[in-house]
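Q:
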Amino acid sequence: MKQQITPYLSFNGNARSALEKYKDIFGGELEGLQTYGEADYPTPPGADDLLIHGRLRKGDLVIMVSDTAGGREVTVGSNVSLVLEFESEDAIRAAYEKLSENGIVYMELQNTFWGATYGKVRDEFGITWELNFQQ
């Protein structure tokens, strides 16, 4: 596993505005901005222009964001998750199994359109983890 946890912030349609404000505050560069309409992913109605993913990077500081879509609403407390980047398939599978034990699986560990093995779980303590192994 890499030695950094990255915050992932979810928004109700204003992720791009939030990233631009954070860039103004912290400096850095916006990276990887992709809308639902641009992604090879089923687009919920009305979500074409919303961000499916974006990043602000300044040195070692990384903040990731996305807009919710498809009728899901963000509530304070459920709008932050922690992203862990893994260095092997075995390591991500082991962490996924342990974190999902007595928790809730939001997305099964699977291959994704961005070329990674990815899964999303809420552990038994209520913390949401996004696990990613870029192949």
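Under this note's numbering, the first residue of the sequence shown is numbered 1028, with each subsequent residue one higher. All C-beta atoms, glycine included, are put in the ideal place defined by N, C-alpha and C. Just so you know, these numbers come straight off a predicted model, no measurement behind them.
Would you call S1037 buried or exposed, if buried means 16 or more other Cβ atoms sit within 10 Å of its Cβ?
A: Burial call: buried.
Q: Run through DSSP, which three-state label would F1053 get?
A: DSSP places F1053 in helix when its eight states are reduced to three.
Q: Three-state secondary structure (DSSP) at D1117?
A: Of the three classes helix, strand and coil, the one that applies to D1117 here is helix, per DSSP.
Q: Are R1084 and G1055 touching if we call contact CB-CB under 7 Å?
A: Yes, they are a contact pair.
Q: Assuming contact is defined by CB atoms lying nearer than 7 Å, are D1094 and A1042 in contact in what I supplied?
A: Taking 7 Å as the Cβ cut-off, D1094 and A1042 qualify as a contacting pair.
Q: Within the same chain, show all residues whose beta-carbon is closer than 6 Å to that of N1129, passing over the 5 residues directly before and after it, in chain order.
A: Once the five neighbours on either side are set aside, the close Cβ partners of N1129 are E1151.
Q: Are the Cβ atoms of V1092 and L1046 separated by less than 7 Å?
A: It is a contact, given that the beta carbons lie within the stated cut-off.
Q: Below 7 Å CB to CB, which residues in the same chain sit around N1138 once its five sequence neighbours on both sides are set aside?
A: Correct list, in chain order: T1144.
Q: Could you check whether M1028 and A1118 sit closer than 7 Å to each other, using their CB atoms as the reference points?
A: Cβ distance < 7 Å, so A1118 and M1028 count as in contact.
Q: Considering only residues of the same chain and omitting the five flanking positions on each side of E1116, which have a CB-CB separation below 7 Å?
A: If we look at E1116 and ignore the five residues flanking it on each side, its Cβ neighbours are T1144 and F1160.
Q: Keeping to the same chain, check which residues put their C-beta closer than 8 Å to that of E1058; ignore five residues upstream and five downstream.
A: Hits under 8 Å: G1081, R1082, L1083 and R1084.
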